[in-house]
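Engineer: End of the sequence shown = 601 in full-length UniProt numbering, gap-free, step of one. For every residue, glycine included, the Cβ atom is placed at its ideal position computed from N, Cα and C.
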Amino acid sequence: MPKKISNSSETPVLDRLRQAMQENGLDAYIVPSQDPHQSEYVADHWQARRWLTGFTGSAGTAVVTASTAHLWTDSRYFIQAEAQLAGSAFELQKLTVPYTAEHLEWLCEHLPAGAAVGCDARLFTVSQARAARRKLAEKDIELSFSNYLIDDLWADRPPLPGDEVFELEQKYAGQTRADKLNAVRSKMKVGAYYLVTALDEIAWLLNIRGNDVECNPVAISYFLLGPESAQWFIDPGKVPDRLKQSLEQDGISINPYAGIAEALRQVGAKHRIGYQPEALSVFLYELLEAARWMKTPNLIAPLKAVRNTIEKENLKLAMRKDGVALLHLYRWLEDALDKGASPTEFEVGEKLAGFRAEQEGYFGESFPPIVGYAGNGAIVHYRAEADTAARIHPEGILLLDSGGQYREGTTDITRTVALGPVSEEVKDHYTRVLKGHIGLSSAIFPEGTTGVQLDILARQHLWAAGLNYGHGTGHGVGHFLNVHEGPQGITPNPRTSRGQTPIVPGMLTSNEPGFYKADEYGIRIENLDLCVEKMETDTGKFYTFEPQTLFPIATDLILLPLLSAEERQWLNEYHVRVLKELSPLLNSAEQAWLEKKCRQV
């Protein structure tokens with residue numbers, strides 16, 4: 001369980017925040033988890049909610065009033081939040097529906113008519129602001145976005161990251177930045193500009209990578225693209241001279257990060273600027289009259305999501321490297337347990353990072369590893385800490401969800417393995433999860449199919465037994481970029497863009513059904529699957545998935561009578577491919593281990 005962040009001045013901080021609220025005429029103040037770019041993982045500079053509450057999970061919203069302090073988060077973090085908020089002034093509020101603004105309902109119920117709620121305009125998008133204002137207006141509550149109260153209270157706030165960015169060579173990117181700029185311009189309205197705020201989209205567009213955010217190789221910046229101009233807003237000191245020259249040759253000027261505000265004012269005086277309401281901050285939007293903005297579909301995400309030929313070939317290299325690192329980890333763990341050692345979950349995660357670091361082109365983890373032994377495996381986004389991690393013994397099951405960042409691509413893999421004898425119940429649940437995984441991976445579906453239509457394939461065998469899991473089944477994965485990327489996904493929620501986006505050839509999506517029994521065990525099986533064209537008939541094109549991940553799926557947890565002949569064939573063919581791809585990279589002892597794990601069923 002992650003430890004609580006020490007904040008010895010917690011009460012004075014809340015007192016000072018409440019005093020600032022009073023001075024600004026505010027009855028409540030909202031502190032979200034976002035940064036100005038709506039990133040999933042944010043730099044330390046923007047971790048205001050973590051600093052204020054002590055809760056370290058990636059998702060959560062804090063609300064402070066004159067007499068109360070609350071934190072809303074979803075079921076992934078209930079156990080963690082309860083532990084980290086214990087003894088603090090903050091009370092946990094459990095979200096009923098993930099990713100929703102249930103704190104607004106609470107404010108409507110607990111604040112009087114005429115009350116005022118403040119927040120930081122940099123951290124809320126236009127669409128979030130519109131929805132919040134509509135909701136609060138029902139109770140005649142005002143929402144103010146001009147209050148930057150945390151800035152004055154956070155005395156030792158970390159600065160914005162200053163690491164240099166670097167160029168992702170074309171042998172990895174597969175396409176020049178000039179070609180990418182032209183592809184985006186071809187989709188822009190004539191005479192209009194296009195503002196890019198998402199860090200992964202800027203990194204992809206410019207073929208650059210950075211080190212500003214943990215696990216995500218991105219750089220904090222904005223990008224403004226015109227019909228004949230391109231402006232990148234980033235700390236100029238972070239751009240090496242050689243890269244600066246290359247960017248200028250492609251017609252890209254480099255400007256200070258804070259210069260985006262004045263640039264928008266200048267450009268907006270003469271041209272309309274395309275934006276997405278779900279991506280643009282209120283702070284930037286209010287710099288111009290509403291008429292100067294033009295709501296535009298995301299022009300980059302659909303391009304970025306489809307791998308080009310070189311990216312697909314590089315991804316195979318990254319998967320081989322990752323498979324070797326995982327093989328070394330599991331062999332080490334088995335050997336340690338055989339010798340009577342009891343390594344901790346934290347040690348397993350550190351060891352795996354070390355094995356990945358031995359691979360050429362490794363850049364870092366793609367997310368903090370989830371090493372969940374026994375009951376900890378049931379905590380979906382569990383993060384083991386050095387002083388609280390459980391010790392692993394040769395009994396029960398271990399869930400390990402991890403990923404690496406390589407120059408050649410991003411990986412994300414989950415395996416659940418038996419460390420000793422397990423019950424028939426565990427095997428039954430594992431086999432149902434595996435059947436769902438295979439059902440999704442082997443699906444053949446027509447052009448235009450979306451993730452929400454495919455999700456049932458992963459859940460049907462669990463549903464048949466009255467079982468389910470509370471997270472989505474799949475997410476898009478970036479190419480040496482963010483491990484969670486859109487626009488596509490596999491989800492039961494039809495209202496999200498991920499559920500509504502058709503899956504097309506070249507998209508890389510995770511396939512990760514699971515089952516979790518609280519306090520006892522967790523099961524998840526995850527590969528990254530590439531969408532490929534299967535056939536074309538008189539009725540149209542049909543697609544399927546091709547697994548890219550290369551590591552054996554545990555067979556000693558399977559109840560074989562529950563597998564159909566087709567499912568056995570899929571599993572056996574997958575293991576034949578794993579053996580073929582990894583064996584040339586292994587010594588004889590490692591090959592023998594892999595052959596045993598890939599035995600036919």
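Can you give the Cα-Cα distance for Ser58 and Arg49, rounded to whole angstroms?
Structural biologist: Approximately 10 Å between the Cα atoms of the pair.
Engineer: Decide if Thr73 is buried, meaning its Cβ has at least 16 other Cβ atoms within 10 Å, or exposed.
Structural biologist: The residue is buried, with at least 16 neighbouring Cβ atoms inside 10 Å.
Engineer: Please confirm whether Ala465 and Ala378 have their CB atoms less than 8 Å apart.
Structural biologist: No, the pair does not count as a contact, with Cβ atoms beyond the cut-off.
Engineer: Measuring alpha carbon to alpha carbon, tell me which residue in Gly361, Leu585, Pro487, Thr309 is nearest Leu168.
Structural biologist: Comparing Cα-Cα distances from Leu168 to each of Gly361, Leu585, Pro487, Thr309, the minimum goes to Gly361.
Engineer: Give the range of the alpha helix (DSSP H) segment to which Met319 is assigned.
Structural biologist: Residues 309-338.
Engineer: Assuming contact is defined by CB atoms lying nearer than 8 Å, are residue 602 and Ala81 in contact in what I supplied?
Structural biologist: Here the chain covers residues 1 to 601 and nothing more, so residue 602 does not appear.
Engineer: Cβ atoms of Asp120 and Tyr148: under 8 Å apart, would you say?
Structural biologist: A contact, by the Cβ cut-off of 8 Å.
Engineer: Among Glu526, Leu528, Tyr543, which one has its Cα closest to the Cα of Lys534?
Structural biologist: When only C-alpha atoms are compared, the closest one is Tyr543.
Engineer: Tell me which residues share the same chain as Leu123 and place their Cβ nearer than 6 Å to its Cβ, disregarding the 5 neighbours each side in the sequence.
Structural biologist: Excluding sequence neighbours, Leu123 sits near Pro32, Gln34.
Engineer: Exposed or buried, what is Thr53 when buried is set at 16 or more other beta-carbons lying within 10 Å of its beta-carbon?
Structural biologist: Flag for Thr53 reads buried.
Engineer: Give me, in chain order, the residues of the same chain whose beta-carbon lies closer than 6 Å to that of Gln93; leave out the 5 immediate sequence neighbours on both sides.
Structural biologist: So the qualifying residues of the chain are His70, Trp72.
Engineer: By the three-class DSSP mapping on this structure, what secondary structure does Asp212 have?
Structural biologist: Residue state, collapsed to three classes: coil.
Engineer: Compute the minimum distance between the beta carbon of Ala279 and the heavy atoms of the ligand SAM, and state whether it is under 7 Å.
Structural biologist: The ligand SAM is not part of this structure, which contains no ligands at all.
Engineer: Can you tell me which residues form a DSSP beta bridge with Gly268?
Structural biologist: DSSP output for Gly268 lists no bridge partner at all.
Engineer: Take Ile392 and list the residues in its own chain whose beta-carbon comes closer than 8 Å to its own, dropping the five residues that flank it on each side.
Structural biologist: Only Leu333, Leu337, Ser342, Pro343, Thr344, Glu345, Val348, Tyr373, Leu398, Leu419 meet the Cβ criterion.
Engineer: As an exercise, report each continuous beta strand (DSSP E) stretch of at least 3 residues that is fully enclosed by the segment 518-577, in chain order.
Structural biologist: Listed in chain order, the complete beta strand (DSSP E) runs (minimum 3 residues) inside the segment 518-577 are 521-524, 527-537, 540-547.
Engineer: Helix, strand or coil, according to DSSP, for Trp593 in the structure here?
Structural biologist: Note: Trp593 maps to helix in three-state DSSP.
Engineer: For the alpha helix (DSSP H) holding Arg407, just list the boundary residues, first then last.
Structural biologist: Note, Arg407: premise wrong, no alpha helix (DSSP H); not H, not E.
Engineer: Taking the alpha-carbon of Phe545 as reference, which of Leu559, Cys598, Ile444, Thr450 has the nearest alpha-carbon?
Structural biologist: Measuring from the Cα of Phe545, the nearest candidate turns out to be Ile444.
Engineer: Considering only C-alpha positions, which residue in the set Tyr406, Glu512, Leu586 is nearest to Gly436?
Structural biologist: Considering only alpha carbons, the answer is Glu512.
Engineer: In whole angstroms, what separates the C-alpha of Met294 from that of Val380?
Structural biologist: Each residue's alpha carbon lies about 39 Å from the other.
Engineer: Just grab the DSSP bridge partners of His70 for me.
Structural biologist: Answer by DSSP bridge pairing, in chain order: Val63, Glu91.
Engineer: Alpha carbon to alpha carbon, what distance is there between Ser402 and Lys351?
Structural biologist: Straight-line Cα distance between these residues: approximately 12 Å.
Engineer: Smallest Cα separation from Glu257: which of Glu248, Thr197, Ala101, Phe55?
Structural biologist: Residue 257 is actually Tyr in this sequence, not Glu. Considering only alpha carbons, the answer is Thr197.
Engineer: Here's the rule: buried if 16 or more other CB atoms are within 10 angstroms of the residue's CB, otherwise exposed. What is Lys596?
Structural biologist: Exposed, because fewer than 16 other Cβ atoms sit within 10 Å of the Cβ of Lys596.
Engineer: Any contact of the segment 279-297 with the segment 158-174, i.e. 3+ C-beta pairs under 8 Å?
Structural biologist: Because the criterion of three Cβ pairs below 8 Å is not met, the segment 279-297 and the segment 158-174 do not touch.
Engineer: So, helix, strand or coil for Asn511, using DSSP?
Structural biologist: Residue state, collapsed to three classes: strand.
Engineer: Take Glu311 and list the residues in its own chain whose beta-carbon comes closer than 6 Å to its own, dropping the five residues that flank it on each side.
Structural biologist: Result list for Glu311: Gly174, His479, in chain order.
Engineer: What runs of the alpha helix (DSSP H), each 4 residues or longer, lie entirely inside the segment 156-203?
Structural biologist: Taking only runs of at least 4 residues, the alpha helix (DSSP H) segments lying wholly in the segment 156-203 are 170-173, 177-185.
Engineer: Report all residues from its chain with a CB closer than 8 Å to the CB of Trp154; omit the five preceding and five following residues, and keep chain order.
Structural biologist: For Trp154, where only same-chain residues beyond five positions count, the Cβ hits under 8 Å are Ala48, Trp51.
Engineer: What do you get for Thr539, buried or exposed, if any count of 16 or more other CB atoms within 10 angstroms of its CB means buried?
Structural biologist: Result: exposed.
Engineer: Alpha carbons only, please: which of Leu582, Phe145, Asn314 is nearest the one belonging to Gln170?
Structural biologist: Nearest of Leu582, Phe145, Asn314 to Gln170, Cα basis: Asn314.
Engineer: When DSSP labels each residue in this structure, what does Pro217 get in the three-state scheme?
Structural biologist: In this structure, Pro217 counts as coil in the three-state DSSP scheme.
Engineer: Take the Cβ of Ala290 as the centre, count every other Cβ of all protein chains shown within 10 Å, and call the residue buried at 16 or more, exposed below.
Structural biologist: Under this definition Ala290 is an exposed residue.
Engineer: Distance check for Ser75 and Ala279, CA to CA, integer angstroms please.
Structural biologist: Using only the alpha carbons, I get a separation of about 25 Å.
Engineer: Taking all protein chains shown into account, decide if Leu560 is buried (16 or more other Cβ within 10 angstroms of its Cβ) or exposed.
Structural biologist: Leu560 should be labelled exposed.
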